[in-house]
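Peer 1: Residue 305 in the working numbering sits at position 305 of the sequence shown, with consecutive numbering throughout. Heads up, the beta-carbon is just placed ideally off N, CA and C, and yes, glycines get one too. Sharing a structure below in structure tokens format, with a few things to ask.
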Amino acid sequence: MTRTRKKKWRRLLLFSGIACLIAVGGYVAYVYVSLQETAKSMYVPIRTQKSLSSSALAASSGQQTQFSPSQQEPVPEKAQEPLTVLVLGIDERENDKGRSDVILVLTVNPEKESALLLSIPRDTRAQLAGTKTMDKINHAYAFGGLQQAVDTVEQFIATPVDYVVAANMEGFAGMIDALGGVEVDNQFTFTYADYDFPLGPIHLDGQQALAYARMRYEDPRGDLGRNERQQLLLKALMQKKAALASPAALNEVLETLAKYVKTNMTFADMKRLVQNYSTAVSSVETIRMEGKGQLINGIYYYIVSPEERQKLSEQLSAFRQLTNGPQSTAETSE
1 MTRTRKKKWR
11 RLLLFSGIAC
21 LIAVGGYVAY
31 VYVSLQETAK
41 SMYVPIRTQK
51 SLSSSALAAS
61 SGQQTQFSPS
71 QQEPVPEKAQ
81 EPLTVLVLGI
91 DERENDKGRS
101 DVILVLTVNP
111 EKESALLLSI
121 PRDTRAQLAG
131 TKTMDKINHA
141 YAFGGLQQAV
151 DTVEQFIATP
161 VDYVVAANME
171 GFAGMIDALG
181 GVEVDNQFTF
191 TYADYDFPLG
201 PIHLDGQQAL
211 AYARMRYEDP
221 RGDLGRNERQ
231 QLLLKALMQK
241 KAALASPAAL
251 NEVLETLAKY
261 VKTNMTFADM
271 KRLVQNYSTA
281 VSSVETIRME
291 GKGQLINGIY
301 YYIVSPEERQ
311 KLSEQLSAFR
321 QLTNGPQSTA
331 ETSE
């Protein structure tokens, strides 16, 4: 090969490399802007115990106390502080707001590199926050929207929630399809909504996963069995991060999120969570809320004793504790 031809090939390779970098950079910029817009469309200003505590501290020091997204306790710059996220699956009904038929509390402790996942059965009898009414806990969303649902869960488990993510159940199915489906280890054979679910490892698309999460009466453990299947699906979703590397999958996920998901996370919160917490969990332990079914005035409720609630609250609190204790303000500011 002549020297002139070698120079041409080098230039071609150089220009091709530059073109690829520009294309990648353009895609990264597109993804960044798309994520920003999606985050804006999903955001709702929800008060949590943590944000209210921050406002109270600001008021005591003479600072502004009106709630705004920027006043929420931010995600730490380093993945050290534990986080609790409330995940709600909303089953919308015609002519009403729907009900939060999936209620999951996920607590992440980066220091322990693990997480606790608690399911709250939708028929659990609880006092609706801000009222004297005792009702099924999933009715809090129907009566008072996302804010009352968060307040009621925080009150019931006596544990502060950092963030809430509420997803329409159809959006849940759409997200699973966008990620290529999920794999779960099914514990027993059953048929529901014209779908067969054999024993052992199975692959589920969105609609199959929705049926898998909803089935109740064919399960000998009733709500407890359904809760465990919902936990399996959430764990499976958490393991699908690699699928987002596909531009087509990412676009479909973003469209689904924008349409079906609401959260009090800002875009800045999401960035810090991804940067600092995405590799902070190596194992997820599920815990069960023990109780018993009971008919009250002809209505079925799941009754959880005060002692069980206290035990769960203490377990969650202990899990959130850091081995070395919280950092001092001086250490954090350095």
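Tell me the rounded alpha-carbon separation between D162 and P198.
Peer 2: 38 angstroms
Peer 1: Pick out whichever of Y277, F319, Q80 and E92 has its Cα sitting closest to the Cα of A167.
Peer 2: E92
Peer 1: When burial is assigned at 16 or more other CB atoms within 10 Å of the CB, is Y302 buried or exposed?
Peer 2: buried
Peer 1: Decide if A56 is buried, meaning its Cβ has at least 16 other Cβ atoms within 10 Å, or exposed.
Peer 2: Only weak support exists for where A56 lies, its pLDDT of 39 falling under 50; the value from the coordinates is given anyway. A56 comes out exposed.
Peer 1: Could you name the residues of the same chain whose beta carbon sits closer than 6 angstroms to that of G98, not counting the 5 residues immediately before and after it, in chain order?
Peer 2: I90, D91 and E92
Peer 1: Put Y212 into one of helix, strand or coil per three-state DSSP.
Peer 2: helix
Peer 1: Quick check on DSSP: helix, strand or coil for A158?
Peer 2: Three-state result, A158: coil.
Peer 1: Short check: CB of L117 to CB of L128, under 8 angstroms?
Peer 2: no
Peer 1: Can you give the Cα-Cα distance for M265 and P220, rounded to whole angstroms?
Peer 2: 38 angstroms
Peer 1: Check V150 in the structure and name its three-state DSSP category.
Peer 2: helix
Peer 1: Tell me P201's beta-bridge partners as DSSP assigns them.
Peer 2: D185
Peer 1: May I ask you to report which of helix, strand or coil DSSP gives M289?
Peer 2: coil
Peer 1: For a test of the three-state rule: what should DSSP assign to D194, helix, strand or coil?
Peer 2: coil
Peer 1: V164 and I299 - do their beta-carbons sit closer together than 8 angstroms?
Peer 2: no
Peer 1: Using the Cα positions of A149 and A249, report the straight-line distance between them to the nearest angstrom.
Peer 2: Rounded to whole angstroms, A149 and A249 show a C-alpha spacing of 31 angstroms.
Peer 1: Name the one or two DSSP bridge partners that M270 has.
Peer 2: For M270, which the question treats as bridged, DSSP gives no partner whatsoever.
Peer 1: Would you grab the beta carbon distance between E154 and Q49 for me? Rounded to a whole angstrom, and I think it's under 8 angstroms.
Peer 2: Correct: roughly 5 angstroms between the Cβ atoms.
Peer 1: Candidates Y217, E218, D185 and R216: which alpha carbon is nearest L204's?
Peer 2: D185
Peer 1: Near S34, what residues of its chain come up, given a Cβ to Cβ distance below 7 angstroms and the 5 sequence neighbours on each side ignored?
Peer 2: L254
Peer 1: Our contact map puts S114 next to S282 with C-beta atoms below 8 angstroms; I'd like the distance itself, whole angstroms only.
Peer 2: Contact flag correct, Cβ pair sits at about 7 angstroms.
Peer 1: May I have the straight-line CA-CA distance separating M270 from Q208, to the nearest angstrom?
Peer 2: 29 angstroms
Peer 1: What residues match up with A129 in a beta bridge as DSSP calls it?
Peer 2: Partner(s): none; A129 has no beta bridge.
Peer 1: Identify whether M134 lies in helix, strand or coil by the three-state DSSP scheme.
Peer 2: strand
Peer 1: Go through its chain and collect everything with a Cβ distance to S41's Cβ below 6 angstroms, but skip five positions before and after it.
Peer 2: A258
Peer 1: Given this structure, state the Cα-to-Cα distance separating L88 from I103, to the nearest angstrom.
Peer 2: Cα to Cα, the separation comes out at about 5 angstroms.
Peer 1: Given this structure, state the Cα-to-Cα distance separating G171 from G144, to the nearest angstrom.
Peer 2: Their Cα atoms are separated by approximately 22 angstroms.
Peer 1: Report buried or exposed for V304, applying the criterion of at least 16 other Cβ atoms within 10 angstroms of its Cβ.
Peer 2: buried
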